[in-house]
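Worksheet: the structure to be examined is printed underneath.
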Amino acid sequence: MITSKERAELKKIISTETAAYQVGKDGLTDANIQGIKDCLIARELIKINILQNCDEDIKVIANKLAEELNCEVVATIGRKVILYKFNPKKNSHILNVKL
């Protein structure tokens, strides 16, 4: 669990980044979940864009990803979801937070 101070720092870091992944009209598929997992392993902190044609609720998508990938939902802002997952194999960590 990350603190509100850490959450604010993560939001600040990701604010200027573009979305690393997009979820479209098919919603969350196994391929999407695997792609998001790969992005999280590589980057630790990612922004996901939920397209307008996606029928699923953004909060539901965020919670499902957090549960399946064992990561932390930093925020849901509009149609964007920000996820964080500590990667012990990475040399430089964004935060010293272990989930």
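Take any residue in the sequence shown, count from 1 to its spot, add 1: that is its number in the numbering used here. We put the beta carbon where it would ideally sit given N, CA and C, even for glycine.
Identify, in the order they occur along the chain, each residue of the same chain with its Cβ nearer than 8 angstroms to the Cβ of residue i, setting aside the five sequence neighbours on each side.
i     : result
Leu29 : Glu57, Ile62, Lys65, Leu66
Cys72 : Leu41, Leu66, Leu84, Tyr85, Lys86, Leu100
Lys81 : Ala20, Lys48, Ile49, Asn50, Ile51
Tell me which residues share the same chain as residue i and place their Cβ nearer than 7 angstroms to its Cβ, disregarding the 5 neighbours each side in the sequence.
i     : result
Cys55 : Val24, Gly25, Lys26, Gly28
Gly36 : Tyr22
Asn88 : Ile42, Glu45
Along the beta strand (DSSP E) that carries residue i, what are the first and last residues, could you check?
i     : result
Lys81 : 81 to 85
In the DSSP assignment, what residue or residues form a beta bridge with residue i?
i     : result
Asn50 : Gln23, Lys81
Glu73 : Tyr85
Using only the alpha-carbon positions, how far apart do residue i and residue j sit?
i      : j     : result
Leu100 : Thr17 : Its pLDDT being 46, under 50, Leu100 is placed unreliably by the model, and nothing is read from it.
Ala32  : Ala9  : 30 angstroms
Lys38  : Leu70 : 7 angstroms
Thr77  : Lys91 : 25 angstroms
Lys60  : Gly79 : 10 angstroms
Can you tell me where the alpha helix (DSSP H) with residue i in it begins and where it stops?
i     : result
Ala16 : Note that residue 16 corresponds to Ser in the displayed sequence, not to Ala. Unbroken run through Ser16: none, as it is neither H nor E.
Leu70 : 59 to 70
Assuming residue i contacts residue j (C-beta within less than 8 angstroms), just tell me the rounded distance between them.
i      : j     : result
Lys158 : Val75 : Since the first residue shown for the chain is 2 and the last is 100, residue 158 is missing from the structure and cannot be characterised.
Ile14  : Leu46 : 6 angstroms
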